[in-house]
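Residue numbers (my numbering): 365 to 553. Worksheet: the structure to be examined is printed underneath.
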């Protein structure tokens, strides 16, 4: 039985009220949803709260879920994306858009310098990603963090698969240019 068939059976069980089946879905997708949300908001506490909300929303809406297009993962990450957007709208309304460390961008809080080389490279990458357009950031994060296919990303972002490929290509090209520039500056130090 394929993974898609196993997942379809789990979803059907949840739709019939099986809470154990939902627990298995939660266990299966929690880490990837949390990682996606964390990359968006930059705060572990907020990411945990939002991720919990994503799964509550999914549980409340699962009866209306039907298999079409890219399937369950895209549906779940669309909920995550909307919950993250709601979070930022809520913050803006309350004029608390500045993170605790004084940064304004959701990825900026993750830019904390670390003496380890790997952490430094991650910081450069996060900073480079933060310079992309919002759509390009979403495509890159959904691909790298959530490991979604182009079709699934298209469903999450309400874009065609071709548009996702184009966004991804332009994003990767921009990242390459930015990171190549930084590599030269780092080598000069």
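All C-beta atoms, glycine included, are put in the ideal place defined by N, C-alpha and C. All of these numbers come straight from a predicted model, not from anything done at the bench.
Practice problem: Would you kindly work out how many angstroms separate the C-alpha atoms of residue 455 and residue 448, rounded to a whole number? | Solution: 11 Å
Quiz item: Below 8 Å, can you find three or more Cβ-Cβ pairs linking the segment 500–516 to the segment 430–439?
Solution: yes
Self-check item: Exposure label - residue 410; buried when at least 16 CB within 10 Å
Solution: buried
Exercise. Report the option in 516, 430, 406 and 530 whose CA atom is closest to the CA atom of residue 487.
Key: 406
Practice problem: Give the straight-line distance between the Cα atoms of residue 479 and residue 499, rounded to the nearest whole angstrom. | Solution: At residue 479 the pLDDT is 45, less than 50, meaning the model places this residue with poor confidence; the figure from the coordinates comes in the next sentence. CA-to-CA, the gap between residue 479 and residue 499 works out to about 31 Å.
Practice problem: Could you have a look at residue 435 and say whether DSSP puts it in helix, strand or coil? | Solution: Residue 435: coil per DSSP, three-state reduction.
Quiz item: How many Å lie between residue 442 and residue 422 at the Cα?
Solution: 10 Å
Exercise. Go ahead and label residue 393 buried or exposed: buried means 16 or more other beta carbons lie within 10 angstroms of its beta carbon, across all protein chains shown.
Key: buried
Quiz item: Looking at the structure shown, is residue 538 part of a helix, part of a strand, or coil, going by DSSP?
Solution: In the structure shown, residue 538 sits in a helix (DSSP, three-state: H, G or I).
Quiz item: Just how far apart, CA to CA, sit residue 382 and residue 537?
Solution: 46 Å
Quiz item: Can you name, in chain order, every residue of its own chain whose Cβ lies under 8 Å from the Cβ of residue 397, other than the five neighbours on each side?
Solution: 415, 418, 419, 440, 441, 444 and 510
Quiz item: So the alpha helix (DSSP H) residue 424 belongs to, where does it begin and stop?
Solution: 408–425
Quiz item: So, is residue 518 buried or exposed, given that buried needs 16 or more other C-beta atoms within 10 angstroms?
Solution: buried
Quiz item: When we look at the beta-carbon of residue 514 and count the other beta-carbons within 10 Å, is it buried (16 or more) or exposed?
Solution: Burial call: buried.
Quiz item: DSSP on residue 373, reduced to helix/strand/coil?
Solution: Here residue 373 sits in helix by DSSP.
Quiz prompt | For residue 520, the first and last residue of its enclosing alpha helix (DSSP H) | solution = 514–521
Quiz item: Quick one: Cα of residue 374 to Cα of residue 388, how far?
Solution: 8 Å
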